[in-house]
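Protein chains in written order, with my numbering: chain A, 1 to 321; chain B, 1001 to 1335.
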Amino acid sequence: MTAPLLDIQNLVKHYPGRPPVRAVDGVSLTIAPGETLGLVGESGSGKSTVGRTILRLQEPTAGRVLFDGEDVFALATAPLRALRRRMQIVFQDPYSSLNPRMTVARTLREPLEIHRLAPPAQMDARVTALLEEVGLDPAFAARYPHELSGGQRQRVGIARALSVEPRFIVCDEPVSALDVSVQAQVLNLLADLQQKRRLTYLFIAHDLAVVRHIADQVAVMYLGRIVERAPAAAIYSAPRHPYTRALLSAVPEPNPRATRARIVLSGDIPSPAHPPAGCPFHPRCPHPKKNERCRTEAPALRVTGESPAHLAACHFAEEPM
Amino acid sequence: MTEPLLRVRDLKTYFVTEHGRGTARAVDGVSFELYPGETLGIVGESGCGKTVTSLSILRLIPEPPGHIRPGSVIEFEGRNLLALAPPDLRAIRGNQIAMIFQEPMTSLNPVFTIGDQIAEAAIIHQHLSRKAARARAVEMLTLVGIPDPAERVDQYPHQLSGGMRQRVMIAMALVCHPKVLIADEPTTALDVTIQAQILELLGRLQEELGMAVMLITHDLGVVAGQADRVVVMYAGQVVETAPTTALFDRPLHPYTEGLMAAVPRIDVRKSRLQAIPGQVPAATAWPSGCRFHPRCPHAWTKCTIEEPPLLGDGDHTARCWLVQEPARRKGGGTA
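Okay, structure coming up:
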């Protein structure tokens, strides 16, 4: 097996408060080069915090992240800047992540200048090439963000991430603000770019159907922890954690004859400032075997079944629901 | 056949754009009916006019910059809402026709308790006393599945979760037992497990209270699970209308077809999603002929010049020349 490009070890991010908000509470994940890990969860699960912390857009509370063997959290400012060339991020809302006073050309030139990636004479050619690569007419270089549609803005956001020729991109809900027809365009673009440039993605999303089409591996988060992780095919065909099962069954299917039984969870997602004791999912868990152990003992993420790649954090992951 | 409860005829809602440079024809000749007890899904992407249609029905369009064009008709139980004097309109709005919005936080008043906000409509429309209205508020909170309703009634919106706030919105809308509930993207801002709760709640309440629901959404999955009939909108117009199963079995309009193909499915992995090329055009400059023709894989010369009417038989119609000339469809297709 090839060494992972990204190795997240026991990542913790708590925000100060009384009590502290345990946004990420011991997350370990690896991503192999050229693969996409889909990180799925609902609001407050901590999925975006994971993405931002591994890029050090936020400082971690504890844990270690190795990128291509390099300890990201131990880097001083200068080597960190060099690393940022290799790790990029695409945000959910391209409108608030693009500077409204900068033309598309300036937005794309800025990272090239900061990292000294092109001599001034070649800047225009680089900008043109980037725009073409993300499927935009080079004439867009002169426009401002407000003159673009949501899909076009997201393409600019992707071009900006690509400009420094990264190996790894955190895609943080990159299509959730887009209309369905445009969402498909952007997902296809991300898949094409990955193939062409051998990119590795951490794809953060709340939409399990979207993740199915892009991810090789899937990890499901709930209240700051990974509750299940497996190859994508296994998660969708044989989910093991009761939360994953409920999440999958809750996705509305565009088929009026769908017969799938829907598991409707009761209650709300608890606050990460007050995570329940034991298994964090136990107050909402519909598993028939749920018992005292779930209320007191937090289940470890463990192999559940034939495949060593399929992990779930549930005392009763092997039992039918 | 039963009479429709609500009949929208040739609705045109236009907006004068900034600096008065143009007119956005946001809703441009929309017609449909809503029958008692049914759920009608109105589907479309941003800018198709679905929300402006629903706001027009309640006459909540800010004028200026908006205006509903003469000739538009919105009939509720035989009365044209567009011709009603303000007091008569107010007697219907929030009473017989109620609405819930996408964003419960911005639709609730942060400085009043949820009980006061639910009771308000009952006091105004049904002339209940404060005490009776408060009791009604508790009753409504129970109906929408809020735990400890007697305590919750005195809480403020910020003390509730997003799902609970949407339940409060539903309680507010239903307090006068409306005949029509307009739900504009009621679950879009919610997490998927909470969305499932709210959709289940809406389905149950509709059955119990027998109201008609106009469900506005961009999500074909939500429509498939909730609606009896569907109206698909594109570029300010109705482009297809059909019973839900017929629409999904045999979409007639290439836009509907494209939308269905573009949705990522949870049950199958496609190596590539089928995107609709291009962008939704601007409401200030709809394309000539069929408004979908620049993005349509089947379009021919006629489509660029002549605007098709809604074609087809009975309850399944589409605004597409292919209905008359199916041989023009490229690559087999579904029809």
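Just so you know, even glycine gets a beta-carbon here, dropped at the ideal spot from N, CA and C. Fair warning: this is a prediction, and the values are worked out from it, not measured in the lab.
CB LYS1179 (chain B) to CB GLN1279 (chain B), shorter than 8 Å? No.
Using the Cα positions of ALA1135 (chain B) and VAL1052 (chain B), report the straight-line distance between them to the nearest angstrom. Each residue's Cα considered, the two are about 35 Å apart.
Which same chain residues end up closer than 7 Å to VAL1027 (chain B) when comparing Cβ atoms and leaving out the 5 residues on each side of it in sequence? LEU1011, LYS1012, THR1013, GLY1049, VAL1052, THR1053, SER1056 and GLY1236
Range of the contiguous beta strand (DSSP E) that encloses HIS1177 (chain B): Element bounds for HIS1177 (chain B): n/a, residue is neither H nor E.
Inter-stretch contact (C-beta, 8 Å, three-pair minimum) for the region 155-168 of chain A and the region 105-113 of chain A: Between the region 155-168 of chain A and the region 105-113 of chain A, the count of Cβ pairs shorter than 8 Å is three or higher; the stretches touch.
Mapping the DSSP letters down to three states, classify CYS1320 (chain B) as helix, strand or coil. coil
DSSP on ASN99 (chain A), reduced to helix/strand/coil? In the structure shown, ASN99 (chain A) sits in coil (DSSP, three-state: anything other than H, G, I, E or B).
Between LEU55 (chain A) and ILE89 (chain A), how many whole angstroms is the CB-CB distance? I'm expecting something under 8 Å. Between LEU55 (chain A) and ILE89 (chain A) the beta-carbon gap is near 6 Å, inside 8 Å, which marks them as a contact.
Going along the region 185-196 of chain A in order, which residues come within less than 8 Å of chain B, judged by CB to CB distance? If the cut-off is 8 Å between Cβ atoms, the region 185-196 of chain A has GLN185, LEU187, ASN188 and ALA191 near chain B.
Selected residue, minimal CA-CA separation from PRO1277 (chain B), among A:THR200, A:PHE316 and A:VAL186: A:VAL186
Closer than 7 Å at the beta carbon, the chain A residues around MET1260 (chain B): PRO254
Mapping the DSSP letters down to three states, classify GLN1159 (chain B) as helix, strand or coil. Reduced to three states, the DSSP call for GLN1159 (chain B) is helix.
Just checking: is the beta-carbon of ILE1042 (chain B) within a distance shorter than 8 Å of some beta-carbon in chain A? no
Sequence-distant residues of the same chain with beta carbon closer than 7 Å to MET1164 (chain B), five excluded per side: ILE1146.
When the cut-off is 8 Å and only beta carbons count, does SER307 (chain A) lie next to chain B? no
For ALA1133 (chain B) and ALA1227 (chain B), the rounded distance between their alpha carbons: 32 Å
What is the DSSP secondary structure of HIS1253 (chain B), reduced to helix, strand or coil? coil
Helix or strand or just coil, what does DSSP make of LEU1006 (chain B)? strand
Taking Cβ positions, are LEU1174 (chain B) and ALA1119 (chain B) nearer each other than 8 Å? no
Per DSSP, which residues does PRO254 (chain A) bridge with? Please list them. Its beta-bridge partners do not exist; DSSP assigns none.
Can you tell me whether PRO1104 (chain B) is buried or exposed, with buried defined as 16 or more other CB within 10 angstroms of its CB? buried
State the Cα-Cα distance for the pair LEU1190 (chain B) and VAL27 (chain A), rounded to the nearest angstrom. 25 Å
What does a CB cutoff of less than 7 Å around VAL24 (chain A) pick up in its chain, not counting 5 residues either side in sequence? Closer than 7 Å at Cβ, skipping near neighbours: LEU11, VAL12, LYS13, GLY46, THR49, VAL50, THR53 and GLY224.
Examine chain A for any beta-carbon lying closer than 8 Å to the beta-carbon of ILE1216 (chain B), and answer yes or no. By this cut-off, ILE1216 (chain B) is not an interface position.
GLU1207 (chain B) to GLY1078 (chain B), Cα distance in whole Å? 24 Å
Which residues mark the beginning and the end of the beta strand (DSSP E) in which GLN1296 (chain B) is found? The sequence shown places Cys at residue 1296 (chain B), not Gln. It is not in any beta strand (DSSP E) - CYS1296 (chain B) carries neither H nor E in the DSSP assignment.
Can you check which of these residues, A:GLN183, A:ARG197 and A:SER149, is closest to VAL164 (chain A) by C-alpha distance? A:ARG197
Is any beta-carbon of chain B found at less than 8 Å from that of GLU322 (chain A)? Nothing about residue 322 (chain A) can be reported from this structure: the residues present for chain A run from 1 to 321 only.
Run through the DSSP bridge pairs and tell me what ASP1028 (chain B) is partnered with. Under the DSSP definition of a beta bridge, ASP1028 (chain B) partners with B:LYS1012.
Helix, strand or coil at VAL218 (chain A) [DSSP, three-state]: strand
Going along the chain, which residues of its own chain have a beta-carbon closer than 6 Å to the beta-carbon of GLY1022 (chain B), five neighbours each way excluded? THR1284
Output the distance between the C-alpha atoms of THR1017 (chain B) and PRO1064 (chain B), rounded to the nearest integer angstrom. 10 Å
At least one CB of chain B closer than 8 Å to the CB of ASP93 (chain A): is that the case? no
What's the C-alpha gap between GLN1159 (chain B) and VAL65 (chain A)? Looking at the two C-alpha atoms, the distance is approximately 37 Å.
Just to confirm, is the Cβ distance from GLY69 (chain A) to GLN9 (chain A) under 8 Å? no
Give the secondary structure of GLU133 (chain A) by DSSP, where H, G and I count as helix, E and B as strand, and everything else as coil. helix
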